[in-house]
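Working notes for the structure below.
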Amino acid sequence: MIEYIVSVLLIAIIYAIFSLGLNLEWGLTGLINFGHVAFLAIGAYTTVILNLRGVPLIPSMLVAVALAGLCGALLGLPTLKLREDYLAIVTIGFSEIVRLILLNEEWLTRGPLGMHGYSRPLADFVSVDYNYFLLIVVLTCLIVCYFMLERLVKSPWGRVIKSIREDEDVASSLGKNVFSYKIQSLVLGSAIAGLSGSLLAFYMRYINPMNFVPIETFYAWIIVVLGGSGNNRGTILGAIILWIFFSGTRFIQGDLPITPSQAGALRIMFIGLALIILMMFKPEGILGRKEELLLEQ
Amino acid sequence: MLSVQGIEKSYGGIRALDGASLDVEEGKIIGIIGPNGAGKTTLFKIISGFVKPNSGKILFEGKNIENSQSHEIARTGLIRTFQLSKALTKMTVLENLMLAPKYQEGEKIWNVWLQPKLIKDQEEESREKALSLLKSFELFRLKDEYAGALSGGQKRLLELARAIMAEPKMLLLDEPFSGVNPYLGMRLLDHIESLRSDCGMTFLIIEHDMPMIMQLSDYIYVLNKGQVIASGLPREVKEDEGVLDAYLGGV
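Line by line, the protein sequences are chains A and B. Take 30 as the starting number for the first sequence in the working numbering and just add one per residue. Take 2 as the starting number for the second sequence in the working numbering and just add one per residue.
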């Protein structure tokens, strides 16, 4: 049982990190990024590919994080002048392009077969159940990300990105380079997603392109909205709630006359229902601020 | 200080501005009036870099700015406000003001993690300044409220205070008195006059409230159909036949 709880916690924390990146982009800067999973994929695949070619883990991870951030810049440069709805379309397209490249460039990624056999941090030295050790690693990453982001939120930098979320014309009329801040936010958010990708690869021990379908992006959206957009603590809480829900409903199947795939679909429907109910009674999210929703421009 | 020369701007078949020119001397308050659709707000958008003109030149302190971006123009000390006041509603009144100062070290992402002391000092300084400004604008007791909770007139005052935090040399105000009750309107008027006399600030103001703009301005430009049809001292403009025609729909 404890092993099971640890494994649920692991995935919840990895998704919390992943979603913290989105919370920076959407919750704080107001960017509608529907392609966040692309950076999870870039982080995971970069770590694995480099490691399988003999690069040690830490440098592989660093390159993965940097590459995810760089791809964020490449995505942002041509698109961040677009209006929000167009940005949403372009980003979702980008994430599918990334996934299709992973699926088809078999020389690099082994395509649909996926990749495994890569090493995990200190795997040879850890004598206890490896997941306990990994839990400490991901928890450390979460804590570091959380405090770095909180520092940013409360800084003048955070004030500027919040003003862009509110009304970018005001930011620009006060001399802030709106485009540059949007790029910075997207780069940092993507780098964080890249880190979570590395961790996901360690957790799963086997990755394939099907792990990075668009629904993963929307899990992050659910997490951010559930917890309260713009609130880092809410995002972490949202991730934990979502995965408790996922794993809790996994047991339902045994008692019902349905197939596993039906059970999977049912779970998603339940999440949808739960979100609708939450939005009816607490539209600002669990840790969001109600007053903010009531304010009109 | 500001020289606008022959600005033209078309939106499709509509000529919003058709060779508009005007000059603003340092330390003056200049009014722009004109009927609805005359191109006043478009002219402001062009001066402040939010919209690019099709042709024409704009010089601010001798430098061409017609091709600069809006944030670059703001940094040269030319700050605008908006026709529909734009308070950042989900930020507090104090945060609205503290956003405005230029060259904040804490706005650079690396400094946030590497230079906390430097940022703290700067923040303390700008907080002091913001608080004293809020006191003189009678917004002090609202400092921790969300800006969205303010009344229309208070938002106008907040917007002006925020613009002043950016240390402008010149302010472009787009209908600062609209939607403001008479009492707050008088307060606003006093603030503008004392900023000019005490700090030597220059103003270019679009306004529909005739008594107000006549009282406030040193010089007035009248815009109609994208062109300056008259200019002069307030009392001269008041008596100009062409201006009356433009307002009353004469030919």
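Just so you know, even glycine gets a beta-carbon here, dropped at the ideal spot from N, CA and C.
Under the three-state DSSP convention, the category residue i falls into
| i | result |
| --- | --- |
| Tyr147/A | coil |
| Phe61/B | strand |
| Ser69/B | coil |
| Tyr262/B | Residue 262/B lies beyond the range of chain B shown here (2 to 252); nothing can be said about it. |
| Arg82/A | coil |
| Phe72/A | Here residue 72/A is Gly; the residue named in the question, Phe, does not match the sequence. It is helical. |
| Ser133/B | helix |
| Gly233/B | strand |
| Ser201/A | helix |
| Val252/B | No answer about Val252/B holds up, because its pLDDT of 47 lies below 50 and its placement is not dependable. |
| Ser258/A | coil |
| Asp24/B | strand |
| Leu245/B | helix |
| Thr58/A | coil |
| Leu304/A | helix |
| Gln326/A | Any answer about Gln326/A is weak, because its pLDDT of 45 lies below 50 and its placement is not dependable; what the coordinates show is given next. The answer is coil: DSSP assigns Gln326/A none of H, G, I, E or B. |
| Leu137/A | helix |
| Ala39/B | coil |
| Phe141/B | helix |
| Ala45/A | helix |
| Lys311/A | coil |
| Ser49/B | coil |
| Pro185/A | helix |
| Pro243/A | helix |
| Asn112/B | helix |
| Lys110/A | coil |
| Lys118/B | helix |
| Ala164/B | helix |
| Arg279/A | coil |
Residues sharing a beta bridge with residue i, DSSP
| i | result |
| --- | --- |
| Phe204/B | Ile30/B and Leu172/B |
| Lys10/B | Leu18/B |
| Asn225/B | Gln228/B |
| Ile236/A | Met144/A |
| Thr77/B | Partner(s): none; Thr77/B has no beta bridge. |
| Ser56/B | Glu9/B |
| Leu159/B | BP columns for Leu159/B are empty, so no partner. |
| Thr93/B | Tyr147/B |
| Ser4/B | Asp24/B and Leu60/B |
| Tyr159/A | BP columns for Tyr159/A are empty, so no partner. |
| Tyr220/B | Ile31/B |
Closest by C-alpha distance to residue i, when choosing among the options
| i | options | result |
| --- | --- | --- |
| His145/A | Leu111/A, Gly105/A, Asn237/A and Ile212/A | Asn237/A |
| Phe267/A | Gly256/A, Ile273/A, Ile126/A and Asn261/A | The sequence as given places Gly at residue 267/A; Phe does not occur at that position. When each option's Cα is compared against that of Gly267/A, the closest is Gly256/A. |
| Ile212/A | Leu39/A, Glu54/A and Met233/A | Glu54/A |
| Ala101/B | Asp175/B, Arg236/B, Ala231/B and Ala167/B | Ala167/B |
| Gly7/B | Val229/B, Pro183/B and Trp111/B | Val229/B |
| Val127/A | Met239/A, Phe154/A and Val182/A | Met239/A |
| Gly78/B | Asp19/B, Met2/B and Asn182/B | Met2/B |
| Phe204/B | Leu245/B, Glu240/B, Ser11/B and Glu27/B | Glu27/B |
| Lys29/B | Ile48/B, Asp241/B, Tyr220/B and Thr82/B | Tyr220/B |
| Ala150/B | Tyr33/A, Ile31/A and Glu321/A | Glu321/A |
| Tyr147/A | Tyr235/A, Phe274/A and Ile297/A | Tyr235/A |
| Val77/A | Val207/A, Gly259/A and Ala230/A | Ala230/A |
| Gly56/A | Thr108/A, Gly263/A, Ser276/A and Ala292/A | Gly263/A |
| Ile165/B | Ser49/B, Gly13/B and Phe138/B | Phe138/B |
| Thr42/B | Ala131/B, Lys130/B, Thr82/B and Ser127/B | Thr82/B |
Rounded distance between the beta-carbons of residue j and residue i, thought under 8 Å
| i | j | result |
| --- | --- | --- |
| Val113/B | Arg188/A | So it is not a contact: roughly 11 Å between Cβ atoms. |
| Tyr248/B | Pro36/B | 6 Å |
| Leu224/B | Ile33/B | 6 Å |
| Lys191/A | Met92/B | 6 Å |
| Lys10/B | Val52/B | 7 Å |
| Val92/A | Ala220/A | Incorrect: roughly 11 Å between the Cβ atoms, too far for contact. |
| Leu135/B | Lys144/B | 6 Å |
| Ala41/A | Ile269/A | 5 Å |
| Val94/B | Ala148/B | 5 Å |
- Message: Does the region 180-199 of chain A come into contact with the region 84-96 of chain B, if we say contact requires no fewer than three beta-carbon pairs (one atom in each stretch) closer than 8 Å?
- Response: yes
- Decide if the region 30-38 of chain A is in contact with the region 213-229 of chain A; the criterion is three or more beta carbon pairs, one per stretch, under 8 Å apart. no
- Item | Segment contact, 8 Å Cβ cut-off, at least three pairs: the region 81-91 of chain A with the region 45-59 of chain A | no
- Query: Are the region 192-205 of chain B and the region 104-118 of chain B in contact at 8 Å, needing three or more beta carbon pairs?
  - Reply: no
- Message: Measuring CB atoms only, is the region 4-22 of chain B touching the region 52-67 of chain B, in the sense that at least three cross pairs come out at less than 8 Å?
- Response: yes
- Task: Decide yes or no for the touch test of the region 173-181 of chain B against the region 203-217 of chain B: beta carbon pairs closer than 8 Å, at least 3 of them.
- Result: yes
- Touch test, the region 11-22 of chain B against the region 228-243 of chain B, Cβ-Cβ under 8 Å, three pairs minimum: As far as the Cβ criterion goes, the region 11-22 of chain B touches the region 228-243 of chain B, which means the pair count is three or higher.
- At least three beta-carbon pairs within less than 8 Å, the region 67-74 of chain B to the region 154-170 of chain A: No, they do not touch.
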